[in-house]
Amino acid sequence: MPLVPLAHVAQERASARAGLGAFNVIHLENAEAFVRAAERAGQPVVLQISQNAATYHGALAPISLGTLEVARRAEVPVVVHLDHAEDLDLVYEAINLGFTSIMYDGSALDYDDNVRNTADVVRRAHSAGISVEAELGKVGGKDGVHAPGVRTDPTEAAAFVASTGVDALAVAVGTSHAMTTRDAALDLELIGAIRRALDVPLVLHGSSGVSDEGMVAAIRAGMTKINVSTHLNKIFTAQVREYLDENPAVVDSRKYFARGMNAVQDEVARLLSLYTAP
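Residue numbers for the sequence shown follow this note's numbering, so the first one is 2 and each next one is one higher.
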């Protein structure tokens, strides 16, 4: 099954009012678990590598080349996506490596600078057949436009999409990054209003903080790409801790990684099925 651009699969999901699961690859085992889960669920999946993950590994290429190979061997459509890239050099490296989707994050910039940089990324990426996700707005703090109190304006969002030509837009509707509880209150009315104002799929960052019921409601209201990371990291870490408590003499990291990743795989398969039938 070939790698696919985000625009193709996200538009299909948006038209069907189904969600598209997007999960962060921190270790190569993440990519393997996510693809196995997608194959079990019979659903497409997005494998995301963030700028932070590239920094953790010392460079983008090592984790990306392995992830791309896992994706090429998959039996379901897979998008390999660069997530939250603020560094333009990293964006262009990802294009050259063969990513099928880029998220350029210019949200910390002034609006005009964000539009200019995003439009340039779109031109270069589209010439290589690669999709582009972006977000807009300049808000201080770690979460930027995904701080809990921030909301995307539908009119500004429509103007941004028209000016840049992006294929998907991350919007602020009540979530926050790195939430460890699933009690975020989504603005479903706003999701609907943004969806009606735009002709590109919407992306929800910080979805780890959203309950199953909230996510189904968000997809019904018009959300498409659903980014999840912290929720899966919690599951993985809990399983590793449990395994090490049960087996204090173990020294083979494959044993406790397998325990953690099997649990993550089960949860991803469940989430993909949940997103498919809202």
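We put the beta carbon where it would ideally sit given N, CA and C, even for glycine.
These numbers were taken from a predicted model, which means no experiment stands behind them.
L91 sits away from Q49, with the two beta carbons spaced by 8 Å or more. In the three-state scheme derived from DSSP, where H, G and I count as helix and E and B as strand, I131 is classed as coil. I50 sits in a strand when the DSSP states are folded into three classes. The secondary-structure analysis by DSSP pairs F161 with nothing; it has no beta-bridge partner.
Residue environment analysis places D84 among the buried positions, since at least 16 neighbouring C-beta atoms fall within 10 angstroms of its C-beta. An exposed status is given to K256, since fewer than 16 other beta-carbon atoms sit within 10 Å of its beta-carbon. Pairing A62 with A55, the inter-Cα distance amounts to about 8 Å. With a beta-carbon spacing of about 5 Å, V123 and V133 fall inside the 8 Å limit used to define contacts.
Straight across, the Cα-Cα distance linking Y105 with V217 is about 27 Å. For I103, DSSP records a beta bridge to L83, V133.
Assignment of beta strand (DSSP E) within the segment 3-69, counting only whole runs of 3 or more residues, yields 21-25, 46-51 in chain order. Listed as beta-bridge partners of L170 by DSSP are A135, L203.
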